[in-house]
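As structure tokens, the structure follows; a few thoughts come after it.
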Amino acid sequence: MLRGMATLNLWADDLEAASAWYAEVLGTEPYYVVPGGYVEVRVGDRQDELGIIARSWSPRPQPETPGGAIVNWHVDDVRDAVARLLALGATEYEGVVERGEGTGFVTASVVDPF
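Note that my numbering numbers the sequence shown so that position 88 is 1568, with each residue one more than the last.
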């Protein structure tokens, strides 16, 4: 029986640079490291796990364009979060959008540099 999600993993061409970037973005250092191939951090109130895998470990070629999982993060202010991510090197994919009048549901999408 499924009990919940354990870890979300992302691929990165440059594991060291991606690890440093996510440490800066998330304000936490990896707690688990497999040299040359994998790092994992815990984030947020529930200590959810985010893993970063060296693309060289992929069993198949990975696409060069953004794709795969869409990760939604809880933030205090979407506009501030997007501005910070862009300043740290992310690329805007979709600007801030209010989804439904008066719902308070606001989204934006960025692509990390990796």
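Glycine residues also receive a C-beta, built at the ideal position from the N, C-alpha and C atoms.
Contact between glutamate 1504 and leucine 1566 is ruled out by a C-beta separation of about 13 Å, above the 8 Å threshold.
Counting the other CB atoms within 10 Å of its CB gives tryptophan 1537 a total below 16, which places it among the exposed residues. Counting of Cβ neighbours within 10 angstroms places tyrosine 1511 among the exposed residues, the total staying below 16. Of the residues assessed, alanine 1492 falls on the buried side of the cut-off, its CB having 16 or more other CB atoms within 10 angstroms.
The C-alpha of valine 1558 lies about 14 Å from the C-alpha of valine 1551. Cβ neighbours of isoleucine 1533 within its own chain (closer than 8 Å, five residues either side excluded): Asn1489, Leu1490, Trp1491, Ala1492, Leu1495, Gly1517, Tyr1518. Counting C-beta atoms within 10 angstroms of its own C-beta, leucine 1482 has fewer than 16 neighbours from the protein chains shown and is therefore classed as exposed.
Closest by C-alpha distance to glycine 1507, out of Pro1593, Ala1549, Arg1564, Val1591, is Arg1564.
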